[in-house]
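FYI, the working numbering numbers position 25 of the sequence shown as 22, with every residue one higher than the one before it.
Glycine is no exception: its CB is placed at the ideal position from the N, C-alpha and C atoms.
Quick caveat, the model's predicted, so the values are computed rather than measured.
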Amino acid sequence: MNVPPPPGWRVESVALPGEPRRLPEQDHAAIDAAEQRARLVTQWLTLVSVALMFTVLIIGLVEF
-2 MNVPPPPGWR
8 VESVALPGEP
18 RRLPEQDHAA
28 IDAAEQRARL
38 VTQWLTLVSV
48 ALMFTVLIIG
58 LVEF
């Protein structure tokens, strides 16, 4: 059950936020290099996984 505040009630004070802080500079070259390495690792893992999947599939079909 909601009870409304008494008439004339107000919040005593409102906190004002300070200035936002400045973000640190970013090294875009390092970020790009890290993304490229991550992409390469992902592509190699995908290639190995697909090769393994086809190997298991072919072995399963040959033995069936």
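Whole-angstrom distance between residue j and residue i, CA atom to CA atom
{"i": "V45", "j": "A27", "result": "27 angstroms"}
{"i": "E60", "j": "T43", "result": "26 angstroms"}
{"i": "L58", "j": "V47", "result": "16 angstroms"}
{"i": "Q40", "j": "P17", "result": "40 angstroms"}
{"i": "T52", "j": "L20", "result": "50 angstroms"}
{"i": "Q33", "j": "L49", "result": "24 angstroms"}
{"i": "A35", "j": "L13", "result": "42 angstroms"}
{"i": "W6", "j": "M(-2)", "result": "19 angstroms"}
Collapsed DSSP secondary structure at residue i in the structure displayed
{"i": "A12", "result": "coil"}
{"i": "W6", "result": "coil"}
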